[in-house]
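Visitor: As given, the protein sequences belong to chains A and B, one line each in that order.
So in the working numbering, the last one in the first sequence is 231, and the numbering has no gaps at all.
So in the working numbering, the last one in the second sequence is 1231, and the numbering has no gaps at all.
Number of protein chains: 2
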Amino acid sequence: MVAIEFTRELHSRFGIDFDHVEILEEAFTHSSYANEHRELGVHDNERLEFLGDAVLELTVSEYLFKKYPDVPEGKLTRMRAAAVQTRSFARFSREAHFDRYIRLGHGEENAGARQRDTLLEDLFEAFCGALFLDQGRQAVIKFCEQIIWPHIDAGEFEDTRDFKTKLQERLQRGGDVDIEYNLLSEEDAANNQRLFTVAVTADGRELGRGTGTSKKHAEQDAAHRALATLA
Amino acid sequence: MVAIEFTRELHSRFGIDFDHVEILEEAFTHSSYANEHRELGVHDNERLEFLGDAVLELTVSEYLFKKYPDVPEGKLTRMRAAAVQTRSFARFSREAHFDRYIRLGHGEENAGARQRDTLLEDLFEAFCGALFLDQGRQAVIKFCEQIIWPHIDAGEFEDTRDFKTKLQERLQRGGDVDIEYNLLSEEDAANNQRLFTVAVTADGRELGRGTGTSKKHAEQDAAHRALATLA
């Protein structure tokens, strides 16, 4: 059963009311729950995730295509990849409070799966697949208007991966420079994630430090901060 | 300008009439043509390809999801990957006669780009992006009904990559067998492609031969034919 608080929250926050609440229920059923409760004959959310993945791909693509009429295909593709990546969808899932309502098996619950990014990504996709099936594509667009477009409009997915390139270009204007990224620490963080801290140096001089849930993200963050000090 | 024969063919074969023929024109403009004719200020089809890629991903996903209500996510994902791969889209492009109408620069034309699979794939996506923009998603679904669904319904994308696994399982029922795939020949074929011929043997005995535009495809084809002789 879907929690009554959840259907109320969907209604009040997003104006969403499912006609077939069993589709919503399926979207919020993790395979570990379905496996533990075979007697209930419940379906897990993996097929809806398959559909929702494609629904979101189109919805985000169409928004970017129309919002940036003069941006070439390569940059649109990079922005789309940033918007639909695991980390982004997991974040949208949390913002929509989906993490509170997914049904998990005991083992997965104890292993902390409720806050695992890949699970929350799949859940976000499954919800959008369910919404598409039950209420149509316009309902998904309306939901994205509230959850995804504000992040796109804030420029969060623009060139996020290009800070290292930009820093290199900026530093090498004056001739060859030896740029290095050094891992300073790696520790456990919330949500079963690791937190990496990286320093960037130019000819041995430290220009900035960055953190992130992967070494790559930490390096980008360090490059971003270094660029800010150079600007 | 879009050739009049083409707009007539779209109308008579597919019942498609564009409201904004300049969008159709953009879909059929390769970057090499746009580069050679900068004075015309024409756009190439890459942005439409970006959009069409996502349009097709959803359209195919929705069809598979509804057609196969009992098929698990993993298999749906494999079927989708087979249906939307370069080779499939290039084939649909040719079936729709799109190869006749794309506008290419001279250099690319002379290099045989008109029959290049990746170009025809991009063209198919760009056309579907243009159709989606101009006529809406239902028009894309109607077009897919004529061009893609017959191939899905014929089972062409089911487990196509599993013939080698199936052959192995079939042969090893009776104990360990040494299975080998040997490349017999590799030659130039039409459309700038290579044609590979492979033989599959079990304990040195040849069970079948297959051909394909890659070694992998030829091996799958050989396994498929071997399975047919063993059935």
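Note that beta-carbon positions come from the ideal geometry of N, C-alpha and C, so glycine has one too.
Bridge partners of V200/A, per DSSP?
Guide: Note: V200/A sits in a beta bridge opposite Y181/A and G208/A.
Visitor: Does DSSP put T7/A in a helix, a strand or coil?
Guide: helix
Visitor: Which value, in whole angstroms, describes the spacing of the CA atoms of Y33/A and I102/A?
Guide: 9 Å
Visitor: From the DSSP output, in three-state form, read off T77/A for me.
Guide: helix
Visitor: Determine which residues of the segment 144 to 162 of chain A have a Cβ less than 8 Å from any Cβ of chain B, and write them out in chain order.
Guide: none
Visitor: Using CA coordinates, which residue listed in A1130/B, L1184/B, A1082/B and R1209/B is at the minimum distance from F1028/B?
Guide: Put simply, of A1130/B, L1184/B, A1082/B and R1209/B the residue whose alpha carbon is nearest the alpha carbon of F1028/B is A1130/B.
Visitor: Along the chain, where does the alpha helix (DSSP H) that runs through Q193/A open and close?
Guide: Per DSSP, Q193/A belongs to no alpha helix (DSSP H) and is neither H nor E.
Visitor: Spatial neighbours of D232/A within its chain, please: CB distance less than 6 Å, with the 5 preceding and 5 following residues excluded, ordered by chain position.
Guide: With chain A covering 1 to 231 only, the question about residue 232/A has no answer from this structure.
Visitor: Cβ closer than 9 Å: which chain B residues qualify as neighbours of R116/A?
Guide: Here the premise fails: no neighbours, minimum Cβ distance about 18 Å.
Visitor: What residue range is occupied by the uninterrupted alpha helix (DSSP H) comprising L119/A?
Guide: D117 to Q135
Visitor: According to DSSP, is D176/A part of a helix, a strand, or is it coil?
Guide: coil
Visitor: If you reduce the DSSP assignment to three classes, tell me which class T29/A lands in.
Guide: strand
Visitor: On the three-state DSSP scale, how would you describe E186/A?
Guide: strand
Visitor: So which residues on chain B does S61/A lean against when the C-beta distance must stay under 7 Å?
Guide: F1050, L1051 and A1054
Visitor: Determine the extent of the alpha helix (DSSP H) in which D53/A is found, giving its start and end residues.
Guide: E46 to K67
Visitor: Say whether chain B places a C-beta atom closer than 8 Å to the C-beta of E46/A.
Guide: yes
Visitor: Below 8 Å between beta carbons: does that hold for L1048/B and A1126/B?
Guide: yes
Visitor: Does T59/A pass the burial test, meaning 16 or more other C-beta atoms within 10 Å, or should it be called exposed?
Guide: With 16 or more Cβ atoms within 10 Å of its Cβ, T59/A is classed as buried.
Visitor: E158/A and M79/A: beta carbons closer than 8 Å?
Guide: yes
Visitor: Which residues in chain A sit within 7 Å of F1124/B, going by Cβ to Cβ distance?
Guide: The premise fails here: F1124/B is roughly 15 Å from chain A at the closest Cβ pair, so nothing lies under 7 Å.
Visitor: Check whether the Cβ of L1058/B lies closer than 8 Å to any Cβ atom in chain A.
Guide: For L1058/B, the answer is yes, since a Cβ of chain A falls inside 8 Å of its Cβ.
Visitor: At 8 Å on the CB atoms, spell out the chain B contacts of E73/A, in chain order.
Guide: E1046, R1047, E1049 and F1050
Visitor: Is it the case that the Cβ atoms of I152/A and A83/A are separated by a distance below 8 Å?
Guide: yes
Visitor: Going along chain A, which residues have a C-beta under 8 Å from T1077/B?
Guide: F50
Visitor: Would you call the segment 1083 to 1093 of chain B and the segment 1004 to 1011 of chain B in contact, with 3 or more CB pairs under 8 Å?
Guide: no
Visitor: Does any C-beta atom of chain B lie closer than 8 Å to the C-beta of F98/A?
Guide: no
Visitor: Under 8 Å, Cβ to Cβ, is there at least one residue of chain A near F1233/B?
Guide: Beyond the ends of chain B as shown, which are 1001 and 1231, falls residue 1233/B; an answer cannot be given.
Visitor: Do R1087/B and D1117/B have their C-beta atoms closer together than 8 Å?
Guide: yes
Visitor: How close, in whole Å, do the beta carbons of D44/A and S31/A come, if the pair is a contact with beta carbons under 8 Å?
Guide: 4 Å
Visitor: Whole angstroms is fine: what's the gap from Q172/A's alpha carbon to A189/A's?
Guide: 35 Å
Visitor: Alpha carbons only, please: which of A1054/B, K1066/B and F1050/B is nearest the one belonging to P69/A?
Guide: F1050/B
Visitor: Who are the Cβ neighbours of H11/A in its own chain at under 7 Å, not counting the five residues just before and after it?
Guide: Hits under 7 Å: D17.
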